[in-house]
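In the numbering used here, the protein residues as written are 500 to 1044.
Where is the CB? At the ideal position from N, CA and C, for every residue including glycine.
What follows is a short report on a single structure.
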């Protein structure tokens, strides 16, 4: 549209924008309140109070068309009325009241000394007195715009008529207002292409207010532009930044639970931020450590699981979660008096961290009570091993020390093989050597023991050591498949094959079955190898007549 160089230009809004502004104008708020105050003041004949109230309404919302219309009708200066009416037309170009008001204001400018306000209550006594005080004018000069008194409140009868008229339409108007307001809010929340959301889309053309001609003398009047509504990404970034500021405060206070909650909210606005996720994982981890210190072990395990959902392969979190899970399982088995299973699980925790909570004490008692149960079942060797293991964990355990001693004494007083173990029987009278498993014979060989004056000592012994080929410096001979059993002064007597002098000569070949040795138990070379491979260090050896 061509523009006259002297006319005031107001940015043209689209029809949708006009509807949005109309909704805003009808919305309850300070402007509506001050409009009601002004109308009531005018009704009470307080014109100055009405003007002040209407100016407050326009100041509160410069887009409130009702306030602009009422104020334009009460202004003493018709130029100000023109400016206000021009703003109404910028918001609603089809507003017939504003068009009639402009024509009325123009006639006011042409008729010098005219004081009637086009929207004032002409039943106000002071207004009627002022009208009567004016010089006589022609009826046309004093006549108000046709139909204008029916559109604005000017008298009590007219006001009553308007009330009756609006009874049938006010509900519809309110419903339409709510629907339009909801639609406007919904449009605001819709994401705009390329992140360019705006509250109201401004048209690219300008509208020209073509009346009245007196506006040529007024300075250009433009409504303040509505700020562009931020895009969804911008809103999310602002919210995330605010949350991160709060995280800085809670993190400094080591309030890990609150930090985790805030970080989870921030990640909702920044779902692709790897650093935020890493920080959330750290918050969960630290919160879990605090929960362990507070004895909230199940909650700590849940927090470790949440941390692993963010960083499934983090080695520290994996170790801590597994350690806590094993501890909880071991403690549960301990509470069920399943000592062996509890000890097996708690052993893993102890190997990972010997000082983890009360793992040392639980593991010690698990082995101790396991030993007690094994003793009651006369499983002496396993009981002995359980007490020894308990003391390896806590060497100062008085109960385990006492039970270990009693168990050792019991085992020493048992008959050889009573426990089903390997043992060796040497009969000095018959010169027979037997190897047994419990009471079952495994090997039986002829043997030679110590000669007179160097007799093999009877007694209950254990194999102390094993040497494939031992050498005696005193006798200058080699003793294949050596198994020492007791000390005779500064030398050790044992079980071995036929000895061989350093010259290579084998001693006592053909003399087995006689007492010919220097105190050891002699076997044939092949028999000695069998026993050397079969027996273990600690195997019981009983020598008797």
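Simplified DSSP assignment, three categories, for residue i
i            : result
residue 984  : strand
residue 1007 : coil
residue 917  : coil
residue 889  : helix
residue 1036 : coil
residue 753  : coil
residue 1025 : helix
residue 1031 : helix
residue 1108 : As shown, the chain starts at 500 and ends at 1044. That puts residue 1108 outside it, with no answer to give.
residue 991  : strand
residue 928  : coil
residue 976  : strand
residue 506  : In this prediction, residue 506 has a pLDDT of 29, which is less than 50 and means its spatial position is unreliable; nothing more can be read from the coordinates.
residue 835  : coil
residue 883  : helix
residue 935  : strand
residue 683  : helix
residue 571  : helix
residue 851  : helix
Distance CB(residue i)-CB(residue j) smaller than 9 Å
i           : j            : result
residue 856 : residue 791  : yes
residue 546 : residue 581  : no
residue 780 : residue 745  : no
residue 841 : residue 824  : no
residue 829 : residue 845  : yes
residue 784 : residue 768  : no
residue 908 : residue 882  : no
residue 568 : residue 600  : yes
residue 937 : residue 1014 : no
residue 867 : residue 891  : no
residue 566 : residue 589  : no
residue 799 : residue 755  : no
residue 930 : residue 854  : no
residue 604 : residue 584  : yes
residue 918 : residue 879  : yes
residue 559 : residue 549  : no
residue 782 : residue 759  : yes
Enclosing alpha helix (DSSP H) for residue i [first to last residue]
i           : result
residue 904 : 897-911
residue 532 : 529-542
residue 552 : 546-559
residue 860 : 858-875
Cβ-based burial, residue i [other Cβ within 10 Å; buried from 16]
i            : result
residue 596  : buried
residue 500  : Only weak support is given to the placement of residue 500: the predicted model assigns it a pLDDT of 35, under 50, and the value that follows is read from those uncertain coordinates. Exposed: under 16 other Cβ atoms inside 10 Å.
residue 876  : exposed
residue 969  : buried
residue 994  : buried
residue 852  : exposed
residue 874  : buried
residue 1052 : This structure cannot settle anything about residue 1052, because the visible part of the chain is limited to 500 through 1044.
residue 986  : exposed
residue 577  : buried
residue 819  : buried
residue 946  : buried
residue 989  : exposed
residue 564  : buried
residue 984  : buried
residue 765  : buried
residue 805  : buried
residue 952  : exposed
residue 671  : exposed
residue 831  : exposed
Extent of the continuous beta strand (DSSP E) run through residue i
i            : result
residue 940  : 939-945
residue 1022 : 1020-1022
residue 601  : No beta strand (DSSP E) holds residue 601; the alpha helix (DSSP H) holding it covers 595-609.
residue 1040 : 1039-1043
residue 968  : 964-971
residue 959  : 958-961
Cβ-based neighbour list, residue i, same chain, cut-off 7 Å, excluding 5 preceding and 5 following
i            : result
residue 1029 : 942
residue 1038 : 921, 922, 923, 961, 962
residue 1008 : 997
residue 966  : 981
residue 763  : 779
residue 1024 : 979, 996, 997
Sequence-distant residues of its chain with Cβ nearer than 6 Å to residue i (five each side left out)
i           : result
residue 925 : 932, 1020, 1042
residue 964 : 983
Contacts around residue i, its chain only, beta-carbon distance under 8 Å, and the 5 residues preceding and following it disregarded
i           : result
residue 860 : 893
residue 940 : 933, 934
residue 836 : 868
residue 534 : 552, 553, 556, 563, 565, 566, 569
Heavy atom of the ligand PLP within 8 Å of residue i beta-carbon
i           : result
residue 770 : Summarising the ligand content, the structure contains no ligands, and the ligand PLP is consequently not present.
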